[in-house]
Amino acid sequence: MPKTPYKIYLTEEEMPKNWYNLKAVMKELPTPFIHPGTLKPCTAEDLEPVFCKELVEQELNTTDKYIEIPEEIRDFYKMYRPSPLVRAYCLEKLLDTPAEIYYKFEGTNTSGSHKLNSAAAQVYYAKKQGIASLTTETGAGQWGTALSMACAYYNIPLNIFMVKVSTEQKPYRKAVMETYGAKVTPSPSDTTEVGRKILAENPGTGGSLGCAISEAMEVSMKTPNCRYVLGSVLDHVLLHQSIIGEEVKIACDKYDINPDIIIGCAGGGSNLGGLIAPFMGDKIEGKNNIEFIAVEPASCPSLTRGRYALDFGDTGKTTPLMMMYTLGSGFMPSPNHAGGLRYHGMSPIISKLYHDGYITARSVEQTKVFDAATMFARCEGILPAPESSHALKVAIDEAIKCKETGEKKTILFGLTGTGYFDLSAYMSYNSGTMEDYIPTDEDLEKGFATLPKVQL
Ligand SMILES: Cc1ncc(COP(=O)(O)O)c(C=O)c1O
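The working numbering puts the first residue of the sequence shown at 93, with every later residue one more than the last.
Structure representation (structure tokens):
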């Protein structure tokens, strides 16, 4: 076997032609969405006023392991995929570890993250269905940027509610989205009923993904022929992100790389779900014994300190109920610099896998995350996104453990994006003013108190 190259690029022909539907392999399925009125599982008819038809079909598909990626989407993907699988030789050397470290780098497109994988698909289906406009939320701004790129390509107007604190931290993100033609409103705003209500109850709030989702959903419901699109959490988003894991799998098979540990940061769970999909499928089928680790911020610890419960996906309590690890839809995360990880809940698929013991989880403090990010930037050259650096931090921890034990493990993590728009965070870290926020048990209780009291 030749020495593993620094970067493994697949050819366009080698790019996967199907997405990987983990639900078709899972031994036990996640609880379906529950209609908050009837407390019955949501049907396609319940979901179609909000989401495009084909996305609803994908959301409800529990039988097809492979779902074909339409050629038009594959052509879109070719603008920036396949993405490289990189052997972090420089990091390994710096850490003086016997471990092999690999990262799948999803930051090679203008949105700077993996989010474009689902944006390309969701806008394609909207266009095919003749939808006139789309609404969405964005936290860190990567999803909004990705979606505005896809909407510009397919020529569909887009209305984005951006978490207010992120709008302030990242004015240039807003400028990029506007350049691609999107309308960007800081959330909570006074332009929607739910936004006005949230503002009245939490004056001065910096917002959260949960608030922005409520506002975007309200606009989609009130605007004719408009649909809402979500950048994470939902099963169909994880499905689209499985392109990441499938490319990794092909590259690993080609170069005989056998990961012992796969690590991903977890906000709503989409990159993690996508990265692990085919490997998790193999694990469920008894073909590997990989350790999967989800990494979340200590400031918003839905897996490590949350409850497995039925909850709303948004602060305004307008979505169906989802069975997930959650801090309660009323939980307002304290400000941190990983805006894309500030979500009260977790993907139902990831939650179920975690609940059933297939995934473990860790939470990390942001100053430690930035220690790792800075180390990585200096030796590997890429300026990582704060979100991605959560996974990086745990990859480094594991590589250091290998140094201590002498084990030669193969560690793979998802480097989901770049941090060029996160320079205010890097400035705060560099000047020593960055703080770690960890909610107290009392803070968490306030969020849990907002959980709906339902019994199925
Ligand atoms: C770079 C990056 N990584 C990770 C995430 C987390 O999202 P998810 O858990 O859905 O992958 C985000 C979300 O905005 C992001 O921008």
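Heads up, the beta-carbon is just placed ideally off N, CA and C, and yes, glycines get one too.
Note that this is a predicted model, so its numbers are computed, not measured.
Taking the C-alpha atoms as reference points, what is the distance between residue i and residue j?
{"i": "Thr135", "j": "Val321", "result": "18 Å"}
{"i": "Asp188", "j": "Cys494", "result": "10 Å"}
{"i": "Val456", "j": "Gly231", "result": "19 Å"}
{"i": "Pro478", "j": "Lys219", "result": "33 Å"}
{"i": "Pro40", "j": "Thr407", "result": "For residue 40 there is no data in the structure shown, the boundaries of the chain being 93 and 548."}
{"i": "Phe384", "j": "Tyr450", "result": "7 Å"}
{"i": "Lys119", "j": "Ile503", "result": "26 Å"}
{"i": "Arg397", "j": "Leu419", "result": "8 Å"}
{"i": "Asp327", "j": "Gly361", "result": "10 Å"}
{"i": "Gly233", "j": "Ile376", "result": "34 Å"}
{"i": "Tyr400", "j": "His447", "result": "8 Å"}
{"i": "Val142", "j": "Met313", "result": "7 Å"}
{"i": "Lys538", "j": "Thr532", "result": "10 Å"}
{"i": "Tyr272", "j": "Ala191", "result": "42 Å"}
{"i": "Ile442", "j": "Pro124", "result": "13 Å"}
Sort the options by Cα distance to residue i and report the nearest one.
{"i": "Ala308", "options": "Leu419, Gly231, Asn251", "result": "Asn251"}
{"i": "Arg166", "options": "Met107, Val148, Ala224, Tyr217", "result": "Met107"}
{"i": "Leu334", "options": "Asp489, Leu364, Pro316", "result": "The sequence as given places Ser at residue 334; Leu does not occur at that position. Per the Cα distances, Leu364."}
{"i": "Ile100", "options": "Glu534, Gly356, Glu499, Ile349", "result": "Ile349"}
{"i": "Lys460", "options": "Gly509, Gly129, Gly524", "result": "Gly524"}
{"i": "Met254", "options": "Tyr245, Glu270, Glu140, Tyr246", "result": "Glu270"}
{"i": "Ile549", "options": "Leu183, Ile290, Thr103", "result": "Residue numbering for the chain in the displayed model covers 93 to 548; residue 549 lies beyond these limits and cannot be assessed."}
{"i": "Pro122", "options": "Lys545, Thr452, Met416, Leu536", "result": "Met416"}
{"i": "Ile126", "options": "Tyr347, Thr411, Gly539", "result": "Thr411"}
{"i": "Asp156", "options": "Leu301, Asn113, Pro174, Gly302", "result": "Asn113"}
{"i": "Gly366", "options": "Cys392, Ile530, Gly323, Pro393", "result": "Gly323"}
{"i": "Ala178", "options": "Asn153, Lys95, Glu120", "result": "The residue asked about is misnamed: residue 178 is Val in this sequence, not Ala. Taking only the C-alpha atoms, the option nearest Val178 is Lys95."}
{"i": "Lys545", "options": "Val117, Glu104, Ala116, Leu131", "result": "Leu131"}
{"i": "Gly236", "options": "Ile248, Tyr246, Lys207, Gln221", "result": "Lys207"}
{"i": "Ser421", "options": "Leu413, Asn428, Pro427", "result": "Leu413"}
{"i": "Phe168", "options": "Leu152, Ala212, Ala358, Ser443", "result": "Ala212"}
{"i": "Ser516", "options": "Tyr98, Ile161, Arg265, Lys196", "result": "Arg265"}
{"i": "Gly432", "options": "Val148, Asn201, Glu105, Thr259", "result": "Thr259"}
{"i": "Pro351", "options": "Asn110, Gly506, Val257, Asp403", "result": "Gly506"}
{"i": "Leu102", "options": "Thr497, Ala343, Thr277, Cys303", "result": "Ala343"}
{"i": "Val486", "options": "Arg319, Gly298, Thr452", "result": "Thr452"}
{"i": "Glu534", "options": "Lys500, Met424, Glu490", "result": "Met424"}
{"i": "Val215", "options": "Thr202, Tyr195, Leu239", "result": "Leu239"}
{"i": "Leu445", "options": "Lys115, Lys341, Pro174", "result": "Lys115"}
Considering only DSSP beta bridges, list what residue i is partnered with.
{"i": "Val178", "result": "Lys99, Tyr195"}
{"i": "Cys357", "result": "Val387"}
{"i": "Met415", "result": "Leu402"}
{"i": "Val276", "result": "Ile252"}
{"i": "Arg319", "result": "Leu226"}
{"i": "Arg454", "result": "Val387"}
{"i": "Ile161", "result": "None, per the DSSP bridge assignment."}
{"i": "Pro190", "result": "Pro190 pairs with nothing; no bridge assigned."}
{"i": "Thr205", "result": "Checking the sequence shown, residue 205 turns out to be Ser, not Thr. DSSP, once it has assigned bridges, lists Gly509 as partnering Ser205."}
{"i": "Pro133", "result": "Ile126"}
{"i": "Tyr217", "result": "Paired residues: none, contrary to the question."}
{"i": "Asn110", "result": "Glu160"}
What I want to know is whether the C-beta of residue i ends up closer than 7 Å to one or more non-hydrogen atoms of ligand 2.
{"i": "Trp111", "result": "No copy of ligand 2 appears in this structure; the ligands present are ligand 1."}
Start-end ranges of the alpha helix (DSSP H) lying completely within the stretch 221-254, minimum 4 residues: Look at the stretch 221-254 and you find these whole runs of alpha helix (DSSP H), each 4 residues long or longer: 234-246.
Taking only runs that begin and end inside the stretch 456-540, name each unbroken alpha helix (DSSP H) of 4 or more residues, in chain order. 458-472, 478-497, 515-522, 533-540, all fully within the stretch 456-540.
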